[in-house]
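Structure, as structure tokens:
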Amino acid sequence: MSGETDSLELSERLNMIEAMIAEGRGRYESWGWMFVLWGVAYYVAFFWAAWTRFAYAWPITMIAAALLTMVGKWRRGNQPSTTMGRAIGATWCAMGISMFILLDALGFSGHLEDVRIFVAAAAAMIGTANAACSMMLKWKAEFACALVWWTATVIASFGSAHAAIGAFLVAIFLCQIVFGIYAMILEWRRRVRGVAHA
Amino acid sequence: MPELPELNPVVHGKLRLALLSLLSGVDEAEFTWLRAKTGATDGNLGAQLMKLEEAGYVSVEKKFVLRKPQTLYRMTDAGHAALTEYVAALKQLLGAAI
């Protein structure tokens with residue numbers, strides 16, 4: 002074997018090591034469908050609650066979305082866990098539990114009459130989770146989502162009820178639906194071209 | 005002229021190298037997941053994992069989950085060190101070849 006072939010083979014091995022390490026880590030983009038799912042769930046819960054005034058619209062929709070998330074995770078099979086994966090999962094799980102407890106407690110105690118409080122609290126918490134994950138992954142696109150959510154918090158705090166609702170719906174569209182589809186496209190392109198993000 | 009490093013023969017095997025690289029990115033991995041990622045046959049994969057285990061680079065845990073057998077592989081500290089040394093040697097060799 003020539004020296005050139007040797008170096009080519011060694012170089013291939015180095016590339017294989019990088020590809021396999023990236024393969025093992027798994028990718029956040031592959032969870033793009035979950036952003037879309039939760040975005041749709043927020044819309045369903047919001048309009049259900051707004052039109053029917055049904056007190057359990059939000060809890061029921063959120064529980065259903067959580068169950069669908071678990072089913073989706075189960076269908077993906079046994080992915081090996083990583084420290085990064087656990088950190089990201091823990092961030093979203095803690096945010097979800099906090100939001101569920103806070104908004105349900107405020108709602109059932111009768112202190113959530115002003116929609117601006119609901120939007121400000123929900124957007125701030127979702128923004129926090131997005132920001133934490135973006136910092137862990139060094140992913141600017143997700144940090145932009147955090148900024149959108151925080152902007153919605155500020156609009157809800159200082160603006161009218163209509164402005165708060167508008168900001169909330171726009172934030173859901175941009176940060177859940179659009180961002181989720183963007184993550185899914187990244188994952189699809191990675192599969193096609195074998196390009197890794199994380 | 006500086007001496008060129010030797011490549012660790014246990015790590016150098018293509019499938020073994022792929023397995024160590026995969027395991028370096030995760031806490032632990034199932035046999036079936038490693039098989040899916042490498043595309044190796046059960047027999048070859050088992051044999052290469054055994055070699056890595058004998059070298060002390062991976063540890064194995066067998067257990068039952070919902071009455072189904074599950075074999076989990078973890079990279080040991082020695083495995084991490086061996087892979088790190090291998091990559092460093094590879095880079096040194098590639099540097100010398102250029």
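Going line by line, the protein sequences match chains H and C.
Here the numbering used here runs 1 ahead of the position in the first sequence, where the first position is 1.
Here the numbering used here runs 4 ahead of the position in the second sequence, where the first position is 1.
Glycine included, every Cβ here is placed at the ideal spot set by N, Cα and C.
Inter-residue spacing [alpha-carbon to alpha-carbon] between residue i and residue j
i: R54/H; j: G108/H; result: 12 Å
i: A121/H; j: S158/H; result: 6 Å
i: W39/H; j: E143/H; result: 15 Å
i: M79/C; j: L19/C; result: 15 Å
i: A145/H; j: E24/H; result: 26 Å
i: N131/H; j: V193/H; result: 27 Å
i: I186/H; j: C176/H; result: 15 Å
i: A20/H; j: W59/H; result: 42 Å
i: W32/H; j: W151/H; result: 22 Å
i: A40/C; j: A86/C; result: 24 Å
i: E114/H; j: I178/H; result: 27 Å
i: G29/C; j: K72/C; result: 25 Å
i: W189/H; j: F180/H; result: 14 Å
i: L26/C; j: G47/C; result: 19 Å
i: N12/C; j: L69/H; result: 47 Å
i: G90/H; j: D7/H; result: 43 Å
i: M136/H; j: H112/H; result: 34 Å
i: Y183/H; j: V37/H; result: 10 Å
i: K55/C; j: V14/C; result: 8 Å
i: I64/H; j: P81/H; result: 26 Å
i: A82/C; j: T92/H; result: 32 Å
i: Y57/H; j: D105/H; result: 9 Å
i: G86/H; j: C134/H; result: 10 Å
i: L15/H; j: K95/C; result: 8 Å
i: T129/H; j: L98/C; result: 44 Å
i: V62/C; j: W140/H; result: 32 Å
i: A125/H; j: L103/H; result: 12 Å
i: E13/H; j: E58/C; result: 26 Å
i: I166/H; j: A50/H; result: 13 Å
Cβ-based neighbour list, residue i, same chain, cut-off 7 Å, excluding 5 preceding and 5 following
i: A164/H; result: I156
i: A44/C; result: L19
is_contact[residue i, chain H] using C-beta, thresh 8 Å
i: A92/C; result: no
i: G106/C; result: The structure shown does not extend to residue 106/C, since chain C spans only 5 to 102, so no value can be given for it.
i: P73/C; result: no
Beta-carbon neighbours of residue i, restricted to chain C and to distances below 9 Å
i: I89/H; result: Correct list: empty, because the minimum Cβ distance to chain C is about 14 Å.
i: I18/H; result: L21, A22, L24, S25, S28, L87, Y90, V91 and L94
Distance between beta carbons of residue j and residue i, contact taken as under 8 Å
i: L49/C; j: E65/C; result: 16 Å between Cβ atoms; not a contact.
i: G17/C; j: Q52/C; result: 7 Å
i: G73/H; j: M35/H; result: 7 Å
i: F169/H; j: A153/H; result: 6 Å
i: I118/H; j: M96/H; result: Not quite, the Cβ-Cβ distance comes to about 18 Å (not below 8 Å), so this is no contact.
i: M17/H; j: L21/C; result: 7 Å
i: A162/H; j: V116/H; result: 5 Å
i: V149/H; j: A172/H; result: 5 Å
Neighbour flag for residue i against chain C, beta carbons, 8 Å
i: L38/H; result: no
i: R14/H; result: yes
i: M21/H; result: yes
i: R191/H; result: no
i: M2/H; result: Confidence in M2/H is poor, its pLDDT being 44 and thus under 50, which makes the residue's placement unreliable; the coordinate value appears in the next sentence. By this cut-off, M2/H is not an interface position.
Amino acids of chain H, ordered along the chain, whose beta-carbon sits closer than 8 Å to that of residue i
i: E65/C; result: Those within 8 Å of E65/C in chain H number zero; the least Cβ separation is about 13 Å.
Chain H contact residues for residue i, given Cβ-Cβ distances below 7 Å
i: E57/C; result: Within chain H, no residue comes near E57/C; the closest Cβ sits about 17 Å away, beyond 7 Å.
Amino acids of chain C, ordered along the chain, whose beta-carbon sits closer than 8 Å to that of residue i
i: L11/H; result: L94, L97, L98 and A101
i: P81/H; result: V30, D31, E32, A33, E34 and W37
Contact set for residue i: own chain, Cβ-Cβ below 6 Å, skip 5 residues either direction
i: T62/H; result: A42, V45 and A46
i: F35/C; result: T75
i: M2/H; result: The predicted model places M2/H with a pLDDT of 44, which falls under 50 and marks its position as unreliable; any figure quoted below should be read in that light. There are no such residues.
i: E9/C; result: In the sequence under discussion, the amino acid at residue 9/C is Pro, which differs from the Glu named in the question. A93 and Q96, listed in sequence order.
Beta-carbon proximity list for residue i, same chain, < 8 Å, skipping 5 on both sides
i: V91/C; result: none
i: E32/C; result: E65, L76, Y77 and R78
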